[in-house]
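What follows is one structure encoded as structure tokens, with my remarks underneath.
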Amino acid sequence: MKLGARSLKTGIAIVFALFVTQLLNLPNPVFAGIAAIFAIQPTIYRSYLQVIERIQGNLIGATIAVVFVLVFGHQLVIVGLAAVIVILVMLKLGLEKSIGLALVTTVAVMEIQGDDFLLFASLRVLTILIGVLAAFLVNLIFMPPKYEVKLFHSIHQVQDEIIRWIRLTGRQASDFIATKNVIVNSREQLTNIDQLYLLYKEERYYLKKNQYAKARKLVIYRQMIVSSNASLQVLKKLHLYESELAMLPDHFKMMVQERLDAILTYHEQLHLKFVGKLKADQLSTGLHDEYIQRHEVMEIFVKEIVLSKEEDEEFSTYYLLHILSSILNYEEQLEHLDSLVVTYQRRYDSEANTKFDDEIY
-4 MKLGARSLKT GIAIVFALFV TQLLNLPNPV FAGIAAIFAI QPTIYRSYLQ VIERIQGNLI
56 GATIAVVFVL VFGHQLVIVG LAAVIVILVM LKLGLEKSIG LALVTTVAVM EIQGDDFLLF
116 ASLRVLTILI GVLAAFLVNL IFMPPKYEVK LFHSIHQVQD EIIRWIRLTG RQASDFIATK
176 NVIVNSREQL TNIDQLYLLY KEERYYLKKN QYAKARKLVI YRQMIVSSNA SLQVLKKLHL
236 YESELAMLPD HFKMMVQERL DAILTYHEQL HLKFVGKLKA DQLSTGLHDE YIQRHEVMEI
296 FVKEIVLSKE EDEEFSTYYL LHILSSILNY EEQLEHLDSL VVTYQRRYDS EANTKFDDEI
356 Y
């Protein structure tokens, strides 16, 4: 089991919230710790948005609690009724994510009894607010989340797996069940990568220069994800039509394998190019001329159809069209990715991606 940064920051936020409330001699500091648990978020920007929502929810819960206590008293049924009203108000205002903390505030205020009810209610609300602000400060200062490295590593790992299995499946060397499991797992990983992309997108930079660079990187990472999905589609087609592919003429199978090998190598080199591990003279776009070109693939395909009709041989035109279309789409996505990477590196040549370590290569 791996201890994540968010788990560690949650513990730090609880300690910090308890420390501040004890320093101010506020009663029941445990409520500050509870509020800190609710307030930790995966990104600084999301944490900022949540702080505003938590404060609003805290004030709404406290206000409704005070009104219900002053009007109806402290009966248990009244506490439940107040909680229902809090939920309805929060839903009406679109503050669904802060309902939990608002309910904590409501119950914490309504359980106070005595002549100094309003004073102690104010102190309890202040205690919860300190917990929310403490969590925000911890999220801002301690180990601010950096999702770019995690995003690229995740894309690279799932792509490396897909490339390996495309090479095996294209040669009819993979197990059917194992390939199916890889496709399912890769699809799940790409879904998780979409979430990582959104988290990285939420990271904020204060300098305009950094904002422009990040905007370009966002386009590159989105295209990387699109390219990975295109490669997964190729693997799915090869897996689905494996038996039809095996019945193709040997020279045509060799042509498909050669084209696939060229595209897969191209994809691997694009990742190396992005992290600055290729020589400067390799910063050109497109597949090299020594590989079979796209129009040549289609010419061979058409000739094979004509030849099969003349010789009255079976040729799986329908199934092969699915495979070739997925391969050509994959190549087009890579060419677009290549042009984006080259443009970015020519513009920000002095800002190499040094944050990526050598462990994945």
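First residue of the sequence shown: -4, per this note's numbering; consecutive thereafter. Using N, Cα and C, we set each Cβ at its ideal position, and we do this for glycine too.
Looking at Val15 and Ile125, is the spacing between their C-beta atoms short of 7 Å?
Numbered from 1 along the sequence shown, position 130 holds the residue referred to as residue 125. Numbered from 1 along the sequence shown, position 20 holds the residue referred to as residue 15. Going by beta carbons, Ile125 and Val15 fall inside the 7 Å limit.
At the level of alpha carbons, what is the spacing between Ile357 and Ser223?
Shown here, the chain extends from -4 to 356; a query on residue 357 therefore has no answer.
Measure the CB-CB distance between Val81 and Ile59 and report whether it falls below 7 Å.
Start at 1 with the first residue of the sequence shown, and residue 81 comes out as number 86. Start at 1 with the first residue of the sequence shown, and residue 59 comes out as number 64. Taking 7 Å as the cut-off, the Cβ atoms of Val81 and Ile59 count as close.
For the alpha helix (DSSP H) that contains Ala168, what are its first and last residues?
As a working mapping, residue 168 is identified with position 173 in the sequence shown. DSSP places Ala168 in no alpha helix (DSSP H); its state is neither H nor E.
Between the alpha carbons of Gln184 and Asp170, how many angstroms are there, rounded?
Locating residue 184 in the sequence shown gives position 189, where the first residue counts as 1. Locating residue 170 in the sequence shown gives position 175, where the first residue counts as 1. Rounded to whole angstroms, Gln184 to Asp170 spans 21 Å at the Cα level.
Express the C-alpha separation of Gln36 and Ala130 in angstroms, rounding to a whole number.
Residue mapping note: residue 130 aligns to position 135 of the sequence shown, counting from 1. Residue mapping note: residue 36 aligns to position 41 of the sequence shown, counting from 1. Those two C-alpha atoms are separated by around 9 Å.
What's the call for Gln228, buried or exposed, on a 16-neighbour Cβ count within 10 Å?
For this step, residue 228 is matched to residue 233 along the sequence shown. Burial state of Gln228 is buried, judged by a 10 Å Cβ sphere holding 16 or more other Cβ atoms.
Secondary structure, alpha helix (DSSP H): runs of 4+ residues fully inside the segment 82 to 152:
Fully enclosed alpha helix (DSSP H) runs of 4 or longer: 94 to 105, 112 to 136.
Tell me, please, whether the segment 153 to 161 touches the segment 229 to 245 by the rule of three or more beta-carbon pairs shorter than 8 Å.
Between the segment 153 to 161 and the segment 229 to 245, the count of C-beta pairs closer than 8 Å reaches three or more; the two stretches touch.
Taking 8 Å as the threshold, find out whether the segment 90 to 106 comes into contact with the segment 39 to 56 through three or more Cβ pairs.
Segments in contact, yes.
Following the continuous alpha helix (DSSP H) through Asn23, name the residue where it begins and the one where it ends.
Position 28 of the sequence shown holds residue 23. Per DSSP, Asn23 is not a residue of any alpha helix (DSSP H), being assigned neither H nor E.
With the cut-off set at 7 Å, would you say Leu265 and Leu193 are in Cβ contact?
Locating residue 265 in the sequence shown gives position 270, counting from the first residue. Locating residue 193 in the sequence shown gives position 198, counting from the first residue. If you check the CB distance, Leu265 and Leu193 do not come in under 7 Å.
Terminal residues of the continuous alpha helix (DSSP H) containing Thr359?
Within the shown structure, residues of the chain are numbered from -4 to 356, placing residue 359 beyond reach of any answer.
With DSSP as the reference, label Val270 as helix, strand or coil.
Here residue 270 refers to the residue found at position 275 when the sequence shown is read from its first residue. Reduced to three states, the DSSP call for Val270 is coil.
Apart from the five residues just before and just after Ala173, which ones in its own chain have a Cβ nearer than 7 Å to its Cβ?
Along the sequence shown, one-based indexing puts residue 173 at 178. Nothing listed; no residue qualifies.
Can you grab the Cα-Cα spacing for the pair Gln70 / Leu114, in whole Å?
Residue 70 sits at position 75 when you count from the first residue of the sequence shown. Residue 114 sits at position 119 when you count from the first residue of the sequence shown. Cα to Cα, Gln70 sits roughly 20 Å from Leu114.
Option nearest Arg166 by Cα separation, candidates Gln340, Glu239, Arg1
Taking the first residue of the sequence shown as 1, we reach residue 166 at position 171. The candidate whose alpha carbon is nearest that of Arg166 is Glu239.
May I have the straight-line CA-CA distance separating Gln359 from His262, to the nearest angstrom?
The shown model of the chain, from -4 to 356, leaves out residue 359, and the question about it has no answer.
So, helix, strand or coil for Ala8, using DSSP?
For the purposes of this step, residue 8 is taken as the residue at position 13 of the sequence shown. In the structure shown, Ala8 sits in a helix (DSSP, three-state: H, G or I).
Would the beta-carbon of Glu143 fall within 7 Å of that of Tyr40?
Walking along the sequence shown from the start, residue 143 turns up at place 148. Walking along the sequence shown from the start, residue 40 turns up at place 45. For Glu143 and Tyr40, no; Cβs fall outside 7 Å.
Three-state secondary structure (DSSP) at Gln228?
The sequence position of residue 228 within the sequence shown is 233, counting from 1. Annotated three-state conformation of Gln228 is helix, per DSSP.
What do you get for Ala12, buried or exposed, if any count of 16 or more other CB atoms within 10 angstroms of its CB means buried?
As a first step, residue 12 must be located in the sequence shown, where it is residue number 17. With 16 or more other Cβ atoms from the protein chains shown falling within 10 Å of its own Cβ, Ala12 counts as buried.
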